[in-house]
Amino acid sequence: MFFALPALYGSEEVRAISDRLDPLTNVDSAVKAKHIRDIRAAQESDTCPWCGGKLVTRRGKYGEFLGCSSYPRCKFKRNITR
Ligand SMILES: [Zn+2]
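See the structure below:
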């Protein structure tokens, strides 16, 4: 027995979907650069990049590290760079 599989999307639908996705993926390179700068800045500051909480110095088994003040809700931690 043979069943013809219906096409999932017609060409018009594919075009409509593509038109909606394009603006989301084709962002300006300046926007991308700012996004990366913002992430780097957050990583270098004392703000938790995961939840926006404050990073505090904690002492663990292997010495001091920066941990999120929202611990244990947020488990972000980073080595202290000197
Ligand atoms: Zn956090």
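Residue numbers for the sequence shown follow numbering that gives the first Met the number 0, beginning at 0 and rising by one.
Glycine is no exception: its CB is placed at the ideal position from the N, C-alpha and C atoms.
Could you pull the start and end residues of the beta strand (DSSP E) that residue i belongs to?
| i | result |
| --- | --- |
| Lys76 | Lys76 to Asn78 |
For residue i, which residues does DSSP report across the bridge?
| i | result |
| --- | --- |
| Thr46 | Lys53 |
| Arg58 | Glu63 |
Which residue marks the beginning of the alpha helix (DSSP H) containing residue i, and which one marks its end?
| i | result |
| --- | --- |
| Val13 | Ser10 to Thr24 |
What's the C-alpha gap between residue i and residue j?
| i | j | result |
| --- | --- | --- |
| Arg58 | Ser69 | 16 Å |
| Trp49 | Phe75 | 7 Å |
| Gly51 | Glu11 | 43 Å |
How is residue i classed by DSSP in three states: helix, strand or coil?
| i | result |
| --- | --- |
| Asp37 | helix |
| Ala6 | coil |
| Ser68 | coil |
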